[in-house]
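Numbering (our numbering), first residue to last: 75 to 402.
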Ligand SMILES: [Zn+2]
Ligand SMILES: [Zn+2]
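Right, dumping it as structure tokens:
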């Protein structure tokens with residue numbers, strides 16, 4: 075018998091993305107098999123393709139932002155049935171390690187992650203543990219649904235910022251994450267949201283914020299680093315008022331100097347932010363909130379066959395692209 079196969083994109087070496095035909099994955103008892111409708115390209119996919127900072131074992135199918143239709147359920151799965159429209163969160167906490175036990179599944183010591191330690195969503199089908207999957211309400215398109223995890227991650231940035239009601243929040247970075255964080259900061263009640271970035275197009279589609287590219291920023295309560303740049307880190311630190319807090323959302327691989335004297339005399343705080351602490355359902359609510367206009371983020375829907383164009387747009391065309399979706 076000929077086994078069923080699927081189209082997928084495999085990273086075979088740095089900067090070597092190759093279309094391949096692979097066998098269909100088989101869901102385990104607690105997993106579902108999803109036929110991908112849409113997978114969006116994440117900034118971290120672009121980093122993985124260029125540098126592989128997480129040392130993903132190659133060859134591997136990347137991609138971790140996926141939405142589609144359930145086509146098979148493992149024998150223990152009760153909450154889903156075939157044909158349901160769903161989106162998946164890529165993080166798979168083990169549930170038993172010390173971090174999971176104290177409620178930090180997003181910092182799991184044995185963490186599974188679509189597109190990192192297992193096949194991801196840049197393929198016609200993918201499997202995910204059922205508890206990390208949500209049914210999409212009517213009215214949420216697959217493209218919007220694919221943003222379930224990036225929005226959840228950005229909710230974590232807001233939660234790590236503390237209570238920002240009535241405060242001045244400064245977001246540095248105009249990529250998809252900075253764009254989402256700026257919207258969520260307003261939803262969380264910030265008095266003012268300032269955003270710095272390089273691309274007028276990307277800055278221009280964030281509703282209700284102040285763009286502060288050209289002048290130095292000072293006296294903010296919270297700065298959020300949403301771009302992988304040491305300069306941006308210094309910009310954030312320089313902008314904090316006394317007792318200000320910096321949330322390090324984007325990843326900097328190289329060490330950066332920190333002025334501990336200033337941190338001491340100003341009682342500054344620097345906090346990290348990685349993955350999200352079970353923000354899946356809040357993210358789903360955000361996707362349905364028309365005020366956030368999150369569907370504006372998906373600027374391009376490209377058929378899977380034209381994947382090279384999709385990655386070009388996501389990587390090189392920041393003047394007109396934000397989130398680029400691959401459509402099956
Ligand atoms: Zn991502
Ligand atoms: Zn764990």
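The C-beta atom is built at its ideal place from N, Cα and C for all residues, glycine as well.
Being a predicted model, the structure only gives us computed values, none of them experimental.
What I want to know is whether the C-beta of residue 227 ends up closer than 8 Å to one or more non-hydrogen atoms of ligand 1. Residue mapping note: residue 227 aligns to position 153 of the chain shown, counting from 1. Flag set: Cβ of residue 227 near ligand 1.
From 301, 86, 326, pick the residue whose C-alpha is nearest to that of residue 273; which is it? As a working note, residue 273 is residue 199 in the chain shown. Checking every option, the nearest Cα to that of residue 273 belongs to 301.
What's the gap between the Cα of residue 220 and the Cα of residue 321? As a first step, residue 220 is located in the chain shown; it is residue number 146 there, counting from the start. As a first step, residue 321 is located in the chain shown; it is residue number 247 there, counting from the start. Cα to Cα, the separation comes out at about 25 Å.
Over what stretch of residues does the alpha helix (DSSP H) that includes residue 174 continue unbroken? Position 100 of the chain shown, counted from the start, is the residue given in the question as residue 174. Residues 172–175.
Can you pull the DSSP bridge partners for residue 59? Nothing in the structure corresponds to residue 59, since the chain is present only between 75 and 402.
Taking C-beta to C-beta, are residue 140 and residue 178 nearer than 9 Å? Along the chain shown, read from residue 1 onward, the residue named residue 140 stands at position 66. Along the chain shown, read from residue 1 onward, the residue named residue 178 stands at position 104. Contact flag unset, no.
Of the listed residues 383, 382, 368, 379, nearest to residue 216 (C-alpha basis): As a first step, residue 216 is located in the chain shown; it is residue number 142 there, counting from the start. Looking at the Cα atoms, 368 is the closest of the given residues.
Just to confirm the assignment, what range does the beta strand (DSSP E) spanning residue 108 have? Counting from 1 along the chain shown, the entry for residue 108 is found at position 34. Counting along the chain, the beta strand (DSSP E) containing residue 108 begins and ends at 105–114.
Output yes or no for whether 9 Å exceeds the beta carbon distance between residue 279 and residue 363. For the purposes of this step, residue 279 is taken as the residue at position 205 of the chain shown. For the purposes of this step, residue 363 is taken as the residue at position 289 of the chain shown. The answer is no: Cβ separation not under 9 Å.
If you drop the 5 nearest sequence neighbours on each side, which residues of the same chain put their C-beta closer than 6 Å to that of residue 184? One-based indexing of the chain shown puts residue 184 at position 110. Answer for residue 184: 168, 171, listed in chain order.
Closest Cα partner of residue 160 within the set 392, 266, 121, 214: Here residue 160 refers to the residue found at position 86 when the chain shown is read from its first residue. Closest by alpha carbon: 214.
Specify whether the stretch 194–213 and the stretch 82–91 touch according to this definition: at least 3 beta carbon pairs, one from each stretch, less than 8 Å apart. yes
Is residue 289 helix, strand or coil by DSSP? Position 215 of the chain shown holds residue 289. DSSP places residue 289 in coil when its eight states are reduced to three.
Neighbourhood of residue 275 by C-beta, 7 Å cutoff - its chain only, sequence neighbours within 5 removed: As a working note, residue 275 is residue 201 in the chain shown. Result list for residue 275: 393, 394, in chain order.
Using the Cβ count rule (16 or more neighbours within 10 Å means buried), how would you classify residue 153? In the chain shown, the residue the question calls residue 153 occupies position 79. Counting Cβ neighbours within 10 Å, residue 153 comes out exposed, since fewer than 16 surround it.
Would you call the CB atoms of residue 290 and residue 259 closer than 9 Å? The count along the chain shown starts at 1 and reaches residue 290 at position 216. The count along the chain shown starts at 1 and reaches residue 259 at position 185. Contact: no.
Touch check for the stretch 126–146 and the stretch 334–342: three-plus C-beta pairs under 8 Å? no
Nearer than 8 Å: is that true of the beta carbon of residue 28 relative to any heavy atom of ligand 2? Residue coverage of the chain in this structure runs from 75 to 402, which leaves residue 28 outside it and unanswerable.
Contact check, residue 196 vs residue 189, beta carbons under 9 Å: Numbered from its first residue, the chain shown carries residue 196 at position 122. Numbered from its first residue, the chain shown carries residue 189 at position 115. A contact, by the Cβ cut-off of 9 Å.
Below 8 Å, is the gap between the Cβ of residue 170 and the nearest heavy atom of ligand 2? On the chain shown, residue 170 is found 96 positions in, with the first residue counted as 1. For ligand 2, at least one heavy atom lies less than 8 Å from the Cβ of residue 170.
In chain order, what residues of the same chain have a beta carbon less than 6 Å from the beta carbon of residue 398, not counting five sequence neighbours either side? In the chain shown, counting from the first residue as 1, residue 398 sits at position 324. Contacts found: 115, 374, 384, 387, 388.
Would you say residue 93 faces chain C, with C-beta separation under 9 Å as the test? Although the question refers to chain C, the structure presented lacks it and comprises just one protein chain.
Rounded to a whole number of angstroms, what is the C-alpha to C-alpha distance between residue 205 and residue 344? Against the chain shown, residue 205 aligns to sequence position 131. Against the chain shown, residue 344 aligns to sequence position 270. Approximately 32 Å, taken between the alpha carbons.
If you compare alpha carbons, which of 307, 126, 254 is closest to residue 277? On the chain shown, residue 277 is found 203 positions in, with the first residue counted as 1. If we check each option's Cα against that of residue 277, 254 comes out closest.
Top-ranked residue by Cα proximity to residue 241, from 341, 248, 264, 227: Looking up residue 241 in the chain shown gives position 167. For the residues 341, 248, 264, 227, the minimum Cα distance to residue 241 belongs to 264.
Inspect the beta-carbon positions of residue 232 and residue 262 and report whether they are closer than 9 Å. Residue mapping note: residue 232 aligns to position 158 of the chain shown, counting from 1. Residue mapping note: residue 262 aligns to position 188 of the chain shown, counting from 1. Yes; because the gap between Cβ atoms is below 9 Å, this pair is in contact.
Let me know the alpha helix (DSSP H) ranges lying completely inside the stretch 285–352, each 4 residues or longer, listed in chain order. 304–313, 334–340
Under three-state DSSP, which class holds residue 225? Locating residue 225 in the chain shown gives position 151, where the first residue counts as 1. Note: residue 225 maps to helix in three-state DSSP.
Taking its Cβ as the centre, do 16 or more other Cβ atoms sit within 10 Å of residue 104, making it buried, or is it exposed? Locating residue 104 in the chain shown gives position 30, where the first residue counts as 1. By the neighbour-count rule (16 or more Cβ atoms within 10 Å), residue 104 is not buried but exposed.
Would you tell me roughly how many angstroms separate the C-alpha atoms of residue 193 and residue 316, rounded to the nearest one? Along the chain shown, read from residue 1 onward, the residue named residue 193 stands at position 119. Along the chain shown, read from residue 1 onward, the residue named residue 316 stands at position 242. Straight-line Cα distance between these residues: approximately 45 Å.
By Cβ distance, which residues of its chain are closer than 7 Å to residue 174, with the 5 residues on each side in sequence left out? Residue numbering aside, residue 174 sits at position 100 when the chain shown is read from its first letter. 167, 168, 182, listed in sequence order.
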